[in-house]
Amino acid sequence: MAGVSDGLLLWGALLLPFGLLLVAAAAASMSAALGDAAAGRPVTGLTLVQPVQEAARLLVVRRRRTVHPDALLWRVGGGTLFLTAVLAAAVVPIGQTPVVRYEAGVVWFNAAETLLWAALWLTGWGANSALGLVGGYRFLAQALAYELPMMLALITAALGAGSLDVVQVAAAQDGLWFVVWMPVAFVVFLIAALGFSFWGPFSHPVGADAAGGVLAELSGVDRLVVLIGRYAWLAAAAGMSVPLFLGGGAGPLLPSWLWWLAKTLAVLALLVWARWRWPVVRVDRFEEIAWVVLLPAVLLQTLVVSLVVI
Amino acid sequence: MSRFAFARPHVLLIEAPGGSGARLALERVLRERGCPLADSPADADILAVAGGPLEQFADRVWEQLPGPRARFDLSDPEYAAAELDGAAGQLRELSRQRADAASRRPPLLSESDMDMDMPAGLQMADREPDRDGLQLDVLHLPWGPALPWWPAGLVVHSRMQGDVLADAQVSRIGGETPAAGFWLAAADSVGPARAGAAARLDSLTRLLAVAGWEAERLRAQRIRDDLLSAEPPAQTHQALRRLHRRVGRSSTLARMCAGVAGNGGVDVTARYRQWLTDAVAAVDTGADPPAAAPAEDISGLLTELLTGTELSAARLLVASLDPWLSGALVSGGRRV
Amino acid sequence: MLEVILAVALGILAVAAGVAVFVVDSMARATYSLLLSFIAVAGELVLLGSAYLGVLTVLMMTVEMAVMGVFMIMYMMNPAGLMPMSMVHNKRGALSIAIGAFVVLGAGALLVPWPAREGEPPAELTRAIGESLMGEHMLAMIVIGVALLATMISGVLLATARGRYDRYGDDLARERPTDPVAGGVGR
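Chains as they are written, first to last, in my numbering: chain A, 1 to 310; chain B, 311 to 646; chain C, 647 to 833.
Below, the structure is given as structure tokens:
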């Protein structure tokens, strides 16, 4: 098979979903802690266990039935959200080795992210609910807005390393981390991460003004699966940002996987905090910002990087 | 297991006309216990109607809650915590929930519309030209009165095409200014300055909820609850000033709210900034600043503004007219 | 051996999903059946050794199917297929052309005496593709790229009903354009 070499393929593939779940749970705990702090409640051990408690609740609650849904598309959409996150995380080097070492790993990540569009739109469409549909289309509009800047940001990192292989991109940063000389690309990647995880400022597809948008008609296990997918994508994005911009597993003393984990958790904390720091950026406003501000900025960044590399 | 699972049950909080006191008490208890407020019935375990029964609207919402579920109507703010405990207890009663689940039926549709071979009796939607020159389906969707983060008693019958309200008709149930009585009583008990500041913060929390800023909404709720309590803690003034700074100077929120009503309409950004400034002024000087109403006929103004707006903009507009829709700030700034 | 089984399975999946596009009533299901078919084809590309082209196909096709979802709602009267309408036209003609093309191409793939492989594929296939596209034909690529962009922008401008005079007034004198939806930058 082309492009797939080394990697911890077999048992890595089995452990990867659980590892991703753990990091996703960490994100949920961080978010719960920030929420409690804002509400004026003391942050206790119970706060940090909140993801488990919420999961238990959703497992007990019954699933929702709507009138004449497209059940196949609805459940497939919800179920594949976590699967696409696992696919994306498969090319992330944990330290120095990823589960799947792919020749075009950066494009693989991008492709998994576009599969997320399909999953989320199907979830919004399948319920046969006006508000679910509004949420699904809000997400599509948002995705079309951040996608091009994100692709260019990914290409910029690959350009700096001269390779589409994520491991090589990480290895090319042993002198200087990419975040130092391509900061615009890093910021755009983080914005896109918030966008494709429909989190925080970019949670308009699941906004309160549309009674939860895509989440409006989801209950029980279906809702749990979509929420897990959401946190898993935050985790995958944070994990990917490290080899792309923050030097991978490089660092003194500690083993490389530990450095990777520390950096991932730091980026994850930043992403989670974004939800509590900014209001929701509505999609119709974000479209213009993405095309008129972000895209030229990233293009200039790519130009600078390509001049330096050549 | 169910005790752990329902340690923080999700509550769908709906305000009926005359239920401001109950709603404020419930919001306070829920915030202190960390129970999230649900956005939709599918996410709710408990349906709480503040202010007494909301006719058949609450029943329709009740039917959409997935099991296990509990509900209560709260008219007396004193019993907020007790009622919540009772409802949470009901969630854990296995036999009761089983009986409830057994008695529920799937959603029924009228059999009389089956003249064509249509799935489940659903009619095909009419198509009409929309503002962008497309032929889009028209959906009749009523907004309220049983909707979270929504002024009490307000009903907006809309014809929606996509997420645009092509047509809107505003009506009220339960009187024009349902909350006026509560805020007048509050002004008597804690003084006009604190009541005025709290009323403005109350409307601000609804605006922040609809604008999607949960952190500041929670902080605004905390300050509002502190202002309305018998002995506000020392740092309340400090917190209010910080809120004024963060929310008032937030360029993101300003940009999201600017131009929502089209040219020459209501300026949502200016409005919420004015509320914050007035609240700080009230607390600093001890006098409630007067607030002029944007128009004589608020319902008419709202109808005009909502026609042709997109969903989020519509909710922001309703939230920006909230103090006058509910009667918290009576027209002309004079407390009648 | 595993690769052969995978290739056959993906091929069957691609054809089956392609047939499903025309059998289902719901446009949403048709769109995503088409996507499934394309993903199977992308899998074949990866099996054949094109790592980059394979994932690129998945990426591009998914975005295209998602955009098709947008157009579906804009222009279709019955996108979910709930009302039993026939959505196919000229069934006989289309079927005969499709089956004919499939037979011709399949026969060509199986019966043409392909030459034996001389040499080996390059170690870094993606780099080789890049160099062959950009090395000698750089000028052509640049010109084509700009021409495509110009075409897309012109297409959008031609499609929109509102021009400069609608936005800025008859003498282009307005400070702020009147748009039904304000953008985020505040222009």
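We put the beta carbon where it would ideally sit given N, CA and C, even for glycine.
Requested in this report: Could you name the residues that DSSP lists as bridge partners for Glu325 (chain B)?
Outcome: B:Ala360
Requested in this report: Using 10 angstroms around the beta-carbon of Asn110 (chain A), count the other beta-carbons present and answer buried if the total reaches 16, otherwise exposed.
Outcome: buried
Query raised in the report: DSSP three-state call for Trp278 (chain A): helix, strand or coil?
Result: coil
Report task. Starting from Leu612 (chain B), follow the alpha helix (DSSP H) in both directions and report where the run begins and ends. Result -> Ile608 to Leu616
Query raised in the report: For the stretch 462-480 of chain B, which residues have a CB atom closer than 9 Å to at least one CB atom of chain A, in sequence order?
Result: Met470, Gly472 and Asp473
Query - DSSP beta-bridge partners of Met470 (chain B) - result: B:Leu449 and B:Leu475
Report task. In the DSSP assignment, find the alpha helix (DSSP H) that holds Ala793 (chain C) and state where it starts and stops. Result -> Met784 to Ala805
Query raised in the report: What does Ala807 (chain C) touch in chain B if you count any residue whose Cβ is under 7 Å from its own?
Result: Gly443
Query raised in the report: If we count Cβ pairs, one from each stretch, closer than 8 Å, do we get three or more for the stretch 161-177 of chain A versus the stretch 243-252 of chain A?
Result: yes
Query - Three-way DSSP call (helix, strand, coil) for Ile94 (chain A) in this model - result: strand
**Report entry** Under 7 Å by beta carbon: chain C residues contacting Gly569 (chain B)
**Finding:** Ala828
Report task. Answer with yes or no whether the minimum CB distance from Arg565 (chain B) to chain C is below 9 Å. Result -> yes
Report task. Can you pull the chain A residues whose beta carbon is under 9 Å from the beta carbon of Ala712 (chain C), in chain order? Result -> Thr114, Trp117, Ala118, Trp121, Leu140, Ala143 and Leu144
**Report entry** Reference Ala676 (chain C); option with closest CA among C:Ser696, C:Val734 and C:Ala819
**Finding:** C:Val734
Query raised in the report: Which residues mark the beginning and the end of the beta strand (DSSP E) in which Leu818 (chain C) is found?
Result: First-last for Leu818 (chain C): undefined, no H or E at that position.
Query raised in the report: In the DSSP assignment, what residue or residues form a beta bridge with Phe382 (chain B)?
Result: B:Ala358
Report task. Would you list, in sequence order, the uninterrupted alpha helix (DSSP H) runs of no fewer than 4 residues that lie entirely inside the stretch 112-188 of chain A? Result -> 130-161, 166-171 and 178-181
Query raised in the report: Applying the criterion that 16 or more other CB atoms from any shown protein chain within 10 Å of the CB defines a buried residue, is Ser306 (chain A) buried or exposed?
Result: exposed
Query - Any C-beta of chain A under 9 Å from that of Arg763 (chain C) - result: no
Query raised in the report: What's the C-alpha gap between Ala335 (chain B) and Pro387 (chain B)?
Result: 6 Å
Query raised in the report: Any C-beta of chain A sitting closer than 9 Å to the C-beta of Leu818 (chain C)?
Result: no
Query raised in the report: Apart from the five residues on each side of it in sequence, which residues of its chain come closer than 7 Å, Cβ to Cβ, to Leu295 (chain A)?
Result: Leu148 and Pro149
Query raised in the report: Counting only runs that start and end within the stretch 385-412 of chain B, where is the alpha helix (DSSP H) found for 4 or more residues in a row?
Result: 390-402 and 404-412
Query raised in the report: Among B:Glu342, B:Leu323 and B:Arg313, which one has its Cα closest to the Cα of Leu528 (chain B)?
Result: B:Glu342
Query raised in the report: Closer than 9 Å, CB to CB, is Arg813 (chain C) near chain A or not?
Result: no
**Report entry** Glu287 (chain A) - containing alpha helix (DSSP H), residue span
**Finding:** Val283 to Ile289
Query raised in the report: Looking only at DSSP bridge pairs, what is Pro439 (chain B) linked to?
Result: B:Gln445
**Report entry** As assigned by DSSP and simplified to three states, the class of Ser256 (chain A)
**Finding:** helix
Query - Secondary structure of Glu54 (chain A), DSSP reduced to three states - result: helix
Requested in this report: Report the neighbours of Glu620 (chain B) on chain C: residues whose CB is nearer than 8 Å to its CB, in chain order.
Outcome: Val827
**Report entry** CB contact below 9 Å: Arg559 (chain B) versus chain C
**Finding:** no
Query raised in the report: Name the residues in the stretch 718-745 of chain C whose C-beta lies less than 8 Å from a C-beta of chain D; which are they?
Result: In the structure shown, chain D cannot be found, because the protein chains are A, B and C.
Query - Supposed close pair Gly124 (chain A), Val214 (chain A) - CB separation, criterion 8 Å - result: 4 Å
Query raised in the report: Residue range of the alpha helix (DSSP H) that Thr587 (chain B) falls in?
Result: Val578 to Thr595
Query raised in the report: Can the beta-carbon of Ala38 (chain A) be found less than 9 Å from the beta-carbon of Trp199 (chain A)?
Result: no
Query - Inter-residue spacing [alpha-carbon to alpha-carbon] between Leu340 (chain B) and Leu648 (chain C) - result: 58 Å
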